[in-house]
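Each remark here refers to the structure printed beneath this line.
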Amino acid sequence: MARVAPRAPVRTVTNLLAVPLSIACEDEAVLARIDALCRRWQSPGSDDGRRGLQLEVEVDEPARSGGAISLNVRHARLQLSGSEAQGWADARLGLAKCVVARNWVDSHRFLDEIIEPLLLFLLSHEDRTPIHASACMIDGMAMILAGPSGSGKSCLAHAARQADLPVLSDDTVHVQLRPHLRLWGLPRPIHLYPGDAPDDDSPLRWRNGKLKRSIASADCRPLMAVRAVLCLLERGDTVVLEIREPHEASPLLPDLEPGFDLLAAQSREAYAALSARGYARLTLGTDPAQAIAVLRSHAGALAQIAAP
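Letter by letter, the sequence shown follows residues 0 to 307 in numbering that gives the first Met the number 0.
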């Protein structure tokens, strides 16, 4: 990309899941797009005990060709590169910078493939550890539904939404441990395999190399829970819910998949906190709605093992 001299940056301040964030960009329209995204992740108040994160964005001349954006992580630094963008995020500094081609800033890929990865990388190192799980709220508790890809997490999230339950996420829950346990979910669509989607009108998106339908959410703000129950998923013929002792959880935890394995120690600590008083083992049948109904009917018993 041919470099042009940037104007003096315009700045705005917001927060991501209660972590302060400063954004700077010389293009006010681009800044407004980024700010709108970040405000969807904004929670009431801010974590004043934490340092602020910073994002700096420079808009450049149009790129000559399109292509994929690649991400490379080494320790506490993420490198982002492609013909349309170059950038990095350093968790030790709490800082991310990128240069983006002007013909890309109006595309959804600008936010999805450039801004989100940079910000989520920084956020994940600020005691907002991402775990591979879906989650819904039942009687004020977050039901953390954890299992490997294909175990039914997104279908359960969709069934919970159909049952008018608040859904934190269909894929990723952010766990805060200090000073108190908090579970955070970002407002995003639920992604289902085409055969599991309720209709054929929803748009198709590639998710982790798999083609899925994107079911839009009416939620426009992040959800936060202060109590949670860890539910480990397995496949079966009939829905069965069993409450187990804390020490039994570790051998059954799913392997950390690519991306989630970058914070292995933090993930283990998060799972240990969630299962400190026990956990639930949920065997799924063929009907996700039935599994959600079983969770609701056992809410009283699950409250006895809810963390913290």
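The beta carbon of each residue, even a glycine, is placed where N, CA and C say it ideally should be.
Inter-residue Cα distance where the pair is residue i and residue j
| i | j | result |
| --- | --- | --- |
| Gly258 | Arg108 | 19 Å |
| Ala306 | Cys135 | 15 Å |
| Pro165 | Glu60 | 43 Å |
| Ser296 | Ser133 | 19 Å |
| Phe120 | Ala224 | 22 Å |
| Asp163 | Ser82 | 43 Å |
| Ala17 | Ile114 | 18 Å |
| Ala31 | Val104 | 11 Å |
| Ala196 | Asn14 | 33 Å |
| Gly235 | Ser69 | 38 Å |
| Ala1 | Val58 | Residue confidence for Ala1 is low, a pLDDT of 49 falling below 50, so the modelled location carries little weight and cannot support an answer. |
| Glu256 | Asp169 | 16 Å |
| Ser153 | Ala288 | 12 Å |
| Leu92 | Cys230 | 35 Å |
| Ala158 | Ala67 | 33 Å |
| Pro253 | Leu261 | 15 Å |
| Val367 | Ser123 | Summary: the structure shown does not reach residue 367, with the chain confined to residues 0 through 307, and so no result is reported for it. |
| Gln265 | Glu55 | 27 Å |
| Thr237 | Ala292 | 13 Å |
| Tyr270 | Val98 | 37 Å |
| Ala4 | Glu25 | Model confidence at Ala4 stands at a pLDDT of 49, short of 50, so the residue's coordinates are unreliable and nothing is read from them. |
| Val29 | Ala88 | 19 Å |
| Thr171 | Glu125 | 16 Å |
| Arg187 | Ile22 | 22 Å |
| Arg204 | Ser106 | 14 Å |
| Ser274 | Ala156 | 21 Å |
| Leu176 | Thr128 | 9 Å |
| Ala298 | Gly139 | 10 Å |
| Ala279 | Ala300 | 10 Å |
| Ala227 | Pro221 | 16 Å |
| Pro248 | Leu294 | Per the sequence shown, the amino acid found at residue 248 is Ala instead of Pro. Answer to the nearest angstrom: the Cα atoms are 18 Å apart. |
| Gln161 | His74 | 40 Å |
First through last residue of the beta strand (DSSP E) which encompasses residue i
| i | result |
| --- | --- |
| Val72 | Ser69 to Arg73 |
| Gln85 | Ala84 to Asp89 |
| Leu20 | Val18 to Cys24 |
| Gln386 | The structure shown does not extend to residue 386, since the chain is modelled only from 0 to 307, so the question has no answer here. |
| Leu117 | Note, Leu117: premise wrong, no beta strand (DSSP E); alpha helix (DSSP H) at Glu115 to Ser123. |
| Ala159 | Careful: Ala159 lies outside any beta strand (DSSP E), inside the alpha helix (DSSP H) at Lys152 to Gln161. |
| Ala224 | Leu222 to Ala224 |
Range of the contiguous alpha helix (DSSP H) that encloses residue i
| i | result |
| --- | --- |
| His246 | His246 -> no alpha helix (DSSP H), and no H or E assigned at all. |
| Leu30 | Glu27 to Arg39 |
| Arg295 | Pro287 to Ser296 |
| Arg267 | Ala263 to Leu273 |
Beta-bridge pairing of residue i - partner residues as DSSP gives them
| i | result |
| --- | --- |
| Val238 | Val238 is not bridged to any residue. |
| His131 | Thr171 |
| Gln53 | Ser21 and Leu94 |
| His190 | Ser213 |
| Trp103 | In the DSSP output, where bridge partners are listed per residue, Trp103 has none listed. |
| Gln78 | Asn71 and Trp87 |
| Cys230 | Leu144 and Ala279 |
| Arg181 | Gln175 |
| Asp59 | Ala100 |
| Leu255 | In the DSSP output, where bridge partners are listed per residue, Leu255 has none listed. |
| Arg10 | Ala23 |
| Arg108 | None, per the DSSP bridge assignment. |
| Leu15 | Val18 |
Supposed close pair residue i, residue j - CB separation, criterion 8 Å
| i | j | result |
| --- | --- | --- |
| Leu232 | Leu283 | 6 Å |
| Gln85 | Leu94 | At roughly 15 Å, the Cβ-Cβ gap does not stay under 8 Å, so Gln85 and Leu94 are not in contact. |
| Ala272 | Leu180 | 6 Å |
| Ala145 | Ile130 | 7 Å |
| Leu52 | Leu77 | Between Leu77 and Leu52 the Cβ distance is about 13 Å, and since that is not below 8 Å, they are no contact. |
| Ile189 | Ile214 | 4 Å |
| Pro19 | Val12 | 7 Å |
| Gly277 | Pro245 | 5 Å |
Proximity test, Cβ basis, 7 Å: residue i and chain D
| i | result |
| --- | --- |
| Gln41 | Of the protein chains in the structure, only one exists, and it is not chain D. |
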